[in-house]
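Worksheet: one structure, shown below.
Residue numbers (full-length UniProt numbering): 1 to 692.
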């Protein structure tokens, strides 16, 4: 249903003036003697009267109000929990019959004027309830019901029929949310506990150091096996590396089984924990779990050396050691001896300095070619520092300036926290050498200096990327106050710690001189995730090139190769290889760049999700609470006819949505062509009949 209404912003009495203007114009033009018949003359006068009157009316700026009404019938959405647990722990024949009956209910509701739709986990919409496949590896009912609420917000959503077993293993419990519509849960599954043994969880550190033993704690749960003994196996590459026996007790349904595992080698490792099946178990699907760990070499060792004791040293060491993968060793001339160890990074505070005693650490840095973070201060020997070719040189008269830090938005080698810019502005000013600063072409600025409220182009923190190592320079001492101020304002000095640890990580990272770099967007996936690879290619000058044909080979623990071919693009578009079963995978990528064959390789893991096999007992109490919260009740498959009657008796009404549009009458194209047509007709008739 639609309606039009004409609105004028001027007084309606002016309409008479428009008509008078049209009549006057027509009388002046056609009151004289004409060569055509009088009836034709009257017709032409009427045409001129209409055109002139309408044009005068348009000068008043009239508006057209258009109202359109749309009738939307009540909508019933059939939300189906298509998780694996529904199929695993429900009678297949009864489940199929329930689907068919629900589809029949849906068709009868449509015949009564209802609109219906089918929604499943993962935003999938189907044409028929009979088409539902129970393959989802997780159950998030809260997300499913929220998607229905958001997707049908303006479609007169009358209610949702939820087919589920009530088992939730992801997201928040749906009983704590208000969805704003009537919920009609239909319960499937079995609420009687099954005689079963299952691995409920594994606890372990995902990153461990090579050569160390790490704990792996297994949580075993049983139902109905009190007094029985089971064997728990720990396997790697199909071989059992450890086993333990556990005796179940009636009064202790959950028991812990600890293992100590030796982390040998480096890289991704895949361990399988399995409880050997016992006679009489309902299912053995939940007897196995997988653990994926990343074995890395020992901690990154950072040498922190200073010209003399200083509060900066404690702040820097605390920031570095906030990352458990780093450790520091301190050296101060005249205070302790330099330990001869294998260092990965050096932090030199006011070294080279004006006083002696630091030659051993400077020689060590030079001999080992260590990446270095130089921190300048009043005791620094600037002339000696300028000879080190750190990517930055200073010409200072000895004067200092007080500055605050401003991040360089163009620096992308690492990211600071989102609130870093605000926190840096809260830091107290630090002293830097005042004078001329020169940067080498291969030096990037991480932080700029800000004097008062004026941001300068002078660097405060830089990093140089040379051919063999990286070197960073911080021009300010006294930054211990930064960490102290941030901790006082925000409890944790997050920005300061991350700045220092990211800088150490950047310095210690090996230079990437590969001309082909192919990598997964994540190092860990689940078996339900789609896996995507990105690729970067470089020419001899290490400049990025695009459109290279890349062959990607992926091999899992089953040694079955999978091959993909794609081209790298400027927008980092790579290849989506879809989902993979759980396990550890290695990959190799090859490409011909300017006639030279380039290769890259690596590994990643896919964690097998087994959430749906953990709980075989349906939670109908959750469904009952959902129904009570929305003023409904819980239904069982044999009560679907009652469900249909309750929906119809609720007498959901159609909703009429009105849409109003307001536009200028002069903008209507059809009116323009109408007036143009009238004018053309008048002109043609006059010319045809000998107008003068």
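Positions of the beta carbon are idealized from the N, C-alpha and C atoms, including for glycine. Fair warning: this is a prediction, and the values are worked out from it, not measured in the lab.
Taking the alpha carbon of residue i as the point to measure from, which residue in the options has its own alpha carbon closest?
{"i": "residue 101", "options": "534, 41 and 642", "result": "642"}
{"i": "residue 208", "options": "232, 324 and 178", "result": "324"}
{"i": "residue 157", "options": "215, 611 and 115", "result": "115"}
{"i": "residue 261", "options": "620, 216, 39 and 299", "result": "216"}
{"i": "residue 278", "options": "230, 575 and 286", "result": "230"}
{"i": "residue 681", "options": "46, 10, 608 and 286", "result": "46"}
{"i": "residue 247", "options": "226, 240 and 283", "result": "226"}
{"i": "residue 58", "options": "673, 552, 664 and 497", "result": "664"}
{"i": "residue 94", "options": "676, 165 and 637", "result": "637"}
{"i": "residue 81", "options": "142, 259 and 56", "result": "142"}
{"i": "residue 290", "options": "301, 237, 520 and 265", "result": "237"}
{"i": "residue 20", "options": "340, 243, 548 and 55", "result": "55"}
{"i": "residue 356", "options": "403, 431, 334 and 172", "result": "334"}
{"i": "residue 228", "options": "689, 239 and 245", "result": "245"}
{"i": "residue 402", "options": "412, 455, 172 and 391", "result": "455"}
{"i": "residue 583", "options": "233, 64 and 272", "result": "272"}
{"i": "residue 610", "options": "676, 169, 150 and 554", "result": "169"}
{"i": "residue 268", "options": "210, 479 and 110", "result": "210"}
Give the DSSP bridge partners of residue i, in chain order.
{"i": "residue 696", "result": "The structure shown does not extend to residue 696, since the chain is modelled only from 1 to 692, so the question has no answer here."}
{"i": "residue 585", "result": "604"}
{"i": "residue 402", "result": "431"}
{"i": "residue 536", "result": "517"}
{"i": "residue 546", "result": "DSSP, once it has assigned bridges, lists no residue as partnering residue 546."}
{"i": "residue 65", "result": "5 and 662"}
{"i": "residue 642", "result": "In the DSSP output, where bridge partners are listed per residue, residue 642 has none listed."}
{"i": "residue 289", "result": "273"}
{"i": "residue 485", "result": "Answer is none; residue 485 lacks a bridge partner."}
{"i": "residue 374", "result": "348 and 473"}
{"i": "residue 172", "result": "Paired residue(s): none; residue 172 is not in a bridge."}
{"i": "residue 628", "result": "BP columns for residue 628 are empty, so no partner."}
{"i": "residue 578", "result": "531"}
May I ask you to report which of helix, strand or coil DSSP gives residue i?
{"i": "residue 159", "result": "strand"}
{"i": "residue 245", "result": "strand"}
{"i": "residue 192", "result": "coil"}
{"i": "residue 346", "result": "strand"}
{"i": "residue 340", "result": "coil"}
{"i": "residue 253", "result": "coil"}
{"i": "residue 225", "result": "coil"}
{"i": "residue 694", "result": "Summary: the structure shown does not reach residue 694, with the chain confined to residues 1 through 692, and so no result is reported for it."}
{"i": "residue 88", "result": "helix"}
{"i": "residue 95", "result": "helix"}
{"i": "residue 501", "result": "helix"}
{"i": "residue 621", "result": "helix"}
{"i": "residue 167", "result": "coil"}
{"i": "residue 151", "result": "helix"}
{"i": "residue 553", "result": "strand"}
{"i": "residue 79", "result": "strand"}
Measure the CB-CB distance between residue i and residue j and report whether it falls below 8 Å.
{"i": "residue 517", "j": "residue 600", "result": "yes"}
{"i": "residue 476", "j": "residue 499", "result": "no"}
{"i": "residue 174", "j": "residue 145", "result": "yes"}
{"i": "residue 397", "j": "residue 435", "result": "yes"}
{"i": "residue 361", "j": "residue 376", "result": "no"}
{"i": "residue 546", "j": "residue 568", "result": "yes"}
{"i": "residue 448", "j": "residue 504", "result": "no"}
{"i": "residue 189", "j": "residue 618", "result": "yes"}
{"i": "residue 457", "j": "residue 322", "result": "no"}
{"i": "residue 728", "j": "residue 431", "result": "Lying outside 1 to 692, the shown extent of the chain, residue 728 is not represented and no answer is given."}
{"i": "residue 27", "j": "residue 689", "result": "no"}
{"i": "residue 62", "j": "residue 129", "result": "no"}
{"i": "residue 507", "j": "residue 345", "result": "yes"}
{"i": "residue 622", "j": "residue 113", "result": "no"}
{"i": "residue 79", "j": "residue 132", "result": "no"}
{"i": "residue 282", "j": "residue 616", "result": "yes"}
Confirm the yes/no value for this check: CB of residue i, any heavy atom of the ligand HEM, distance under 7 Å.
{"i": "residue 686", "result": "Within the structure as shown, the ligand HEM is missing, as the structure has no ligands at all."}
Indicate whether at least one CB of chain D lies closer than 8 Å to the CB of residue i.
{"i": "residue 22", "result": "Reference to chain D is not applicable here, since this structure consists of a single protein chain."}
Three CB pairs or more closer than 8 Å across the region 251-260 and the region 221-235 = yes
Is there contact between the region 287-295 and the region 305-323, where contact requires at least three CB pairs shorter than 8 Å?
-> no
When the Cβ atoms of the region 412-424 are set against those of the region 368-379, are three or more pairs found closer than 8 Å?
-> no
Contact between the region 656-671 and the region 53-73: three or more CB pairs below 8 Å?
-> yes
Can you find at least 3 beta carbon pairs, one from the region 188-206 and one from the region 646-655, that sit closer than 8 Å?
-> no
Does the region 168-183 come close enough to the region 618-633 that 3 or more CB-CB pairs lie under 8 Å?
-> yes
Can we say the region 43-57 touches the region 87-107, given the rule of at least three CB pairs closer than 8 Å?
-> no
The region 444-452 / the region 482-498 touching (three or more Cβ pairs under 8 Å) = no
At least three beta-carbon pairs within less than 8 Å, the region 522-529 to the region 575-584 | yes
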